[in-house]
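> From first to last, the protein sequence lines stand for chains A and B.
End of the first sequence = 120 in the numbering used here, gap-free, step of one.
End of the second sequence = 240 in the numbering used here, gap-free, step of one.
Before I ask anything, let me first share the structure, which is written out below as structure tokens.
Number of protein chains: 2
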Amino acid sequence: MTLKRDEIRCEASIIHEEVIDKVREKMPPEESLYDLAELFKVFGDSTRIKIIWALFESEMCVCDIAYLLNMSQSAISHQIRVLKQARLVKRRKEGKVVYYSLDDKHVELIFKQGLSHINE
Amino acid sequence: MTLKRDEIRCEASIIHEEVIDKVREKMPPEESLYDLAELFKVFGDSTRIKIIWALFESEMCVCDIAYLLNMSQSAISHQIRVLKQARLVKRRKEGKVVYYSLDDKHVELIFKQGLSHINE
DNA sequence: ATAATATATGAATAATTGCTCATATGAACA
DNA sequence: TGTTCATATGAGCAATTATTCATATATTAT
Numbered sequence: 001m002t003l004k005r006d007e008i009r010c011e012a013s014i015i016h017e018e019v020i021d022k023v024r025e026k027m028p029p030e031e032s033l034y035d036l037a038e039l040f041k042v043f044g045d046s047t048r049i050k051i052i053w054a055l056f057e058s059e060m061c062v063c064d065i066a067y068l069l070n071m072s073q074s075a076i077s078h079q080i081r082v083l084k085q086a087r088l089v090k091r092r093k094e095g096k097v098v099y100y101s102l103d104d105k106h107v108e109l110i111f112k113q114g115l116s117h118i119n120e
Numbered sequence: 121m122t123l124k125r126d127e128i129r130c131e132a133s134i135i136h137e138e139v140i141d142k143v144r145e146k147m148p149p150e151e152s153l154y155d156l157a158e159l160f161k162v163f164g165d166s167t168r169i170k171i172i173w174a175l176f177e178s179e180m181c182v183c184d185i186a187y188l189l190n191m192s193q194s195a196i197s198h199q200i201r202v203l204k205q206a207r208l209v210k211r212r213k214e215g216k217v218v219y220y221s222l223d224d225k226h227v228e229l230i231f232k233q234g235l236s237h238i239n240e
């Protein structure tokens, strides 16, 4: 059952058509905005934020990260998976041990800007 | 029931103590990282991303945004509330109509960096 | 005062998600 | 080959969340 247009918008007399047209013109494509939300979703968890921040400093194995953050190996491994899928980290294998490091140059800038916001 | 330390960390022989100490030293305070995750959580929804991007261009009333995004007034109002709580938008009232605009200079930079990541 | 209308909000619900637990995989070594 | 250990992963659960629906609030106009 689809909604009729009138049911989901306010009265036409109040809508600022010119503004809406101008804004619509400048909006990035739907898909980009969706992907952008997906990226920020990855940053929207304090465990992943901590992992990423730790990797700013040095590559680390899963075990190190679990110890550093006082969390289970499994929890870290699950989160690393999310970071990997977002192409934010890369792996280097050495025997049994897998070392992870950051695979992106934008992340640090994004984080610094974010901190600027919360610290003002 | 709390876990014993040994149950939540890997074997001590594999942990890279020096790396962990160095990283721990450089990590921002726990609370900052938590707040940072909270900020990114706000960005981690495509409806809110669209609202913010629209506001880059012009202030708009709730009604305009609902029309632009083809969503219900209620849905937009709920999301605007989230943005307001994160101190990302500010309101200007004119009669019955409430105009929202961006209340932050960092957001645009954060978004641009984010797009750079997904577009590479 | 009453009606109309822009916005806000509480309750309910469906979907998503972060973690735990158990177990699988894969590499080193006895 | 069998054991050990680092990492990965599937299932399940509790918590969070985005939206809808119904309704409240606030302002303007009649």
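Every residue, glycine too, gets a C-beta built ideally from N, C-alpha and C.
From a predicted model like this one, the values you see are computed outputs, not experimental measurements.
Provide the residue span of the beta strand (DSSP E) that contains lysine 210/B, from first to last.
Here the beta strand (DSSP E) through lysine 210/B covers 209–214.
> Which residues in chain B sit within 8 Å of proline 28/A, going by Cβ to Cβ distance?
Near proline 28/A (Cβ distances below 8 Å), the residues of chain B are Trp173, Leu235.
> Between serine 221/B and chain A, is any beta-carbon pair separated by less than 8 Å?
It does not: the Cβ of serine 221/B has no partner Cβ on chain A nearer than 8 Å.
> Please decide whether glycine 44/A counts as near chain B, where near means a Cβ-Cβ distance under 8 Å.
True, the Cβ-Cβ gap to chain B drops below 8 Å.
> Can you give the Cα-Cα distance for methionine 121/B and aspartate 45/A, rounded to whole angstroms?
In this prediction, methionine 121/B has a pLDDT of 30, which is less than 50 and means its spatial position is unreliable; what the coordinates show is noted afterwards. Their backbone Cα atoms lie some 25 Å apart in a straight line.
> Identify whether serine 221/B lies in helix, strand or coil by the three-state DSSP scheme.
Looking at serine 221/B - three-state DSSP - the assignment turns out to be strand.
> Since serine 152/B meets chain A, which of its residues come closer than 8 Å, beta carbon to beta carbon?
Going along chain A in sequence order, the residues near serine 152/B (Cβ under 8 Å) are Leu115, Ile118, Asn119.
> Can you confirm whether isoleucine 80/A, when its beta carbon is compared against all beta carbons of chain B, has any partner nearer than 8 Å?
With 8 Å as the cut-off, isoleucine 80/A does not count as an interface residue toward chain B.
> Return the chain-ordered list of same chain residues with a C-beta closer than 8 Å to the C-beta of leucine 175/B, the five sequence neighbours on each side being excluded.
Once the five neighbours on either side are set aside, the close Cβ partners of leucine 175/B are Val209, Tyr220, Ser221, Leu222.
> Could you give the distance in angstroms between the alpha-carbon of isoleucine 128/B and the alpha-carbon of leucine 68/A?
With a pLDDT of only 39 at isoleucine 128/B, under 50, the local geometry of the prediction cannot be trusted, and no value is derived from it.
> Given arginine 48/A, which residues of its chain have a CB within under 8 Å of its CB, disregarding the five upstream and five downstream residues?
Answer for arginine 48/A: Val42, Gln79, Val82, Leu83, listed in chain order.
> If we define contact as Cβ-Cβ less than 8 Å, is leucine 83/A a contact residue for chain B?
No - not a single Cβ of chain B is within 8 Å of the one on leucine 83/A.
> Is it right to say histidine 237/B is buried, meaning 16 or more other beta carbons lie within 10 angstroms of its own, or is it exposed?
When all chains shown are included, histidine 237/B counts as buried.
> Can you pull the chain B residues whose beta carbon is under 7 Å from the beta carbon of isoleucine 49/A, in chain order?
The contacting residues are Leu153, Leu156, Ala157.
> Compare the C-beta of valine 89/A against all C-beta atoms of chain B and say whether one is closer than 8 Å.
No, because no Cβ of chain B sits closer than 8 Å to the Cβ of valine 89/A.
> Who does methionine 191/B pair with in a DSSP beta bridge?
Looking at the DSSP assignment, methionine 191/B forms no beta bridge with any residue, so it has no partner.
> Determine the contact status of leucine 156/B and phenylalanine 111/A, defining contact as a CB-CB distance below 8 Å.
Contact flag set, yes.
> Would you say valine 218/B lies against chain A (beta-carbon separation less than 8 Å)?
No, its Cβ sits nowhere closer than 8 Å to a Cβ of chain A.
> Taking Cβ-Cβ distances shorter than 8 Å, what residues in chain B pair up with arginine 24/A?
The answer, in chain order, is Leu188.
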